[in-house]
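Structure record follows, encoded as structure tokens.
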Amino acid sequence: MIQLYVSHLSPYACKIMALMGYAAVPHEIIVEDIWNRFAVLKKMTGKTMVPVLRHGDFAINDSTRIAKHLLASSQRPLLPDERFLAWLVEDFCDEWIVRWFARARWALPQNRRHMEKTIGAEMFGFPLRTLGGRVAAASIRASLEKSGTLTRYDGLENSRERTLALLEDLFEHGLYLFGGHPSVADFALYGFLWQFGHDPASQDAVRAFPNLWRYVQRVHAWSGAGGALDATVRPTAELSPLIAEILGTYWRVLEANARMSRGQTTDVELLDGTVLPVRSAGWYATCLNGLLDEAQSMHRTSGVYCLDPALDAVIGAAIDGVKA
Numbered sequence: 074m075i076q077l078y079v080s081h082l083s084p085y086a087c088k089i090m091a092l093m094g095y096a097a098v099p100h101e102i103i104v105e106d107i108w109n110r111f112a113v114l115k116k117m118t119g120k121t122m123v124p125v126l127r128h129g130d131f132a133i134n135d136s137t138r139i140a141k142h143l144l145a146s147s148q149r150p151l152l153p154d155e156r157f158l159a160w161l162v163e164d165f166c167d168e169w170i171v172r173w174f175a176r177a178r179w180a181l182p183q184n185r186r187h188m189e190k191t192i193g194a195e196m197f198g199f200p201l202r203t204l205g206g207r208v209a210a211a212s213i214r215a216s217l218e219k220s221g222t223l224t225r226y227d228g229l230e231n232s233r234e235r236t237l238a239l240l241e242d243l244f245e246h247g248l249y250l251f252g253g254h255p256s257v258a259d260f261a262l263y264g265f266l267w268q269f270g271h272d273p274a275s276q277d278a279v280r281a282f283p284n285l286w287r288y289v290q291r292v293h294a295w296s297g298a299g300g301a302l303d304a305t306v307r308p309t310a311e312l313s314p315l316i317a318e319i320l321g322t323y324w325r326v327l328e329a330n331a332r333m334s335r336g337q338t339t340d341v342e343l344l345d346g347t348v349l350p351v352r353s354a355g356w357y358a359t360c361l362n363g364l365l366d367e368a369q370s371m372h373r374t375s376g377v378y379c380l381d382p383a384l385d386a387v388i389g390a391a392i393d394g395v396k397a
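Numbering (the working numbering), first residue to last: 74 to 397.
Below is the structure:
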């Protein structure tokens with residue numbers, strides 16, 4: 074039996090719980106606590122992050138790697154025909170949306186207090202929940218402060234507002250991003266919006282968009298009894314505003330990172346003219362290389378990066394630009 078170690082406070086864990094429910098892969102959910110965190114997770118993976126998929130002596134602890142591992146065993150398709158776009162959106166959620174999500178969760182006092190209580194209850198239980206929650210939350214906050222994640226940047230805030238608004242328009246019709254079936258991109262997007270929509274000081278920012286919140290609830294249903302499906306396919310052109318947002322923000326960060334030397338910092342101009350300081354990071358290089366691999370895989374099998382000719386030209390130019 075596959076075991077999935079999770080925290081209900083992790084958007085990445087929420088992503089995989091819903092994805093595995095949709096994939097109909099038999100598994101057991103185990104909630105991370107202070108004991109299995111070190112006795113099991115760190116011992117098997119060398120890290121304490123969740124989610125972790127464990128099958129006997131085999132374990133994976135990255136949500137994208139877990140998603141790719143499940144492609145072969147899923148009883149439902151996890152990728153649309155627009156395979157590269159699905160991975161592009163998935164990575165945008167995991168690496169860009171997480172930045173404005175994390176700042177709101179850990180910089181706003183009401184959210185911080187909520188996290189102290191919920192981490193304490195989930196990780197420690199009685200009688201250590203109060204002290205343990207405070208210590209764990211303080212450690213997380215200190216790490217985020219050191220990385221600069223809690224610094225407010227207009228570019229990130231503006232991107233959040235644009236992204237929520239364009240998704241509200243997108244889900245005026247259509248069940249999921251690519252049509253009637255969810256994909257890896259939907260589960261990544263859902264994980265952050267579900268968490269954002271339940272943090273007390275942030276929830277109104279998502280729930281103010283009714284089409285979007287209904288979409289989040291549809292995806293969440295796959296964590297339990299199951300969600301809605303139909304046979305429709307969304308015209309790819311309808312995703313143009315979302316792709317423009319990705320290429321004008323996160324992709325520019327990846328492109329700048331590819332040109333920087335180790336330890337260097339540079340200012341990246343985003344699509345709205347705001348500037349975001351970016352420090353070179355090996356992880357960004359890993360993300361870019363993974364996306365380029367997916368783009369080339371799509372191109373080898375179909376001759377294009379995207380099935381919509383207009384978007385294919387835009388994406389092709391972006392890929393050529395980052396390779397130049």
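Backbone N, C-alpha and C fix where the C-beta goes; we use that ideal spot for every residue, glycine too.
Report task. Check the C-beta distance from Glu155 over to Cys360 and give it rounded, since I have them as a contact under 8 Å. Result -> Actually they do not touch by this definition, with Cβ atoms about 19 Å apart.
Query - Residue closest to Ala86, alpha-carbon to alpha-carbon, out of Val98, Val113, Ile102, Ala97 - result: For the residues Val98, Val113, Ile102, Ala97, the minimum Cα distance to Ala86 belongs to Ile102.
**Report entry** Of the listed residues Trp160, Thr347, Pro273, Val162, nearest to Asp227 (C-alpha basis)
**Finding:** Thr347
Query - Proximity to Phe111 [Cα-Cα], best of His100, Ala304, Val125 - result: Cα-wise, what sits closest to Phe111 is Val125.
Query raised in the report: Which parts of the stretch 308-366 are runs of the beta strand (DSSP E), unbroken and 3 residues or longer, counting only runs that do not cross its ends?
Result: 338-342, 348-352
Query raised in the report: Which residues mark the beginning and the end of the beta strand (DSSP E) in which Gln183 is found?
Result: Counting along the chain, Gln183 falls outside any beta strand (DSSP E), though it belongs to the alpha helix (DSSP H) covering 182-196.
Requested in this report: Could you please give the first and the last residue of the uninterrupted alpha helix (DSSP H) stretch that includes Gln276?
Outcome: 276-280
Report task. Reducing DSSP to helix, strand and coil, say where Leu151 ends up. Result -> Taken through DSSP and simplified to helix, strand or coil, Leu151 comes out as coil.
Query raised in the report: Below 8 Å between beta carbons: does that hold for Val257 and Leu152?
Result: yes
Query raised in the report: Candidates Ile316, Leu201, Leu302, Gly129: which alpha carbon is nearest His254's?
Result: Leu302
Query raised in the report: Should Ser232 and Trp324 be called a contact, given that it needs their Cβ atoms to be closer than 8 Å?
Result: no
Query - Those residues which DSSP pairs with Leu77 across a bridge - result: Looking at the DSSP assignment, Leu77 forms a beta bridge with Ile102, Leu126.
**Report entry** According to DSSP, residues forming a beta bridge with Gly252
**Finding:** Tyr249, Val306
Query raised in the report: CA-CA distance, Glu168 and Trp108?
Result: 29 Å
Query - Buried versus exposed, by CB contacts within 10 Å (16 or more), Asp393 - result: exposed
Query raised in the report: In whole angstroms, what separates the C-alpha of Val292 from that of Pro200?
Result: 35 Å
Query - Candidates Arg225, Thr309, Gly205, Ile213: closest to Gly247 by CA position - result: Thr309
**Report entry** Phe131 in three-state terms, based on DSSP
**Finding:** strand
Query raised in the report: Skipping 5 residues on each side, what residues in its chain have a beta carbon closer than 6 Å to that of His477?
Result: Since the first residue of the chain shown is 74 and the last is 397, residue 477 is not available in this structure.
Report task. Starting from the Cα of Ala398, find the closest Cα among Lys116, Ala159, Leu114, Arg178 and give me that residue. Result -> Missing from the structure shown is residue 398; the chain here goes from 74 to 397 and no further.
Query raised in the report: Considering only residues of the same chain and omitting the five flanking positions on each side of Gly252, which have a CB-CB separation below 6 Å?
Result: Thr305, Val306, Arg307
Requested in this report: Identify whether Thr203 lies in helix, strand or coil by the three-state DSSP scheme.
Outcome: helix
Query raised in the report: Under the three-state reduction of DSSP, which class applies to Val387: helix, strand or coil?
Result: helix
Query raised in the report: Is there contact between the stretch 213-228 and the stretch 274-289, where contact requires at least three CB pairs shorter than 8 Å?
Result: no
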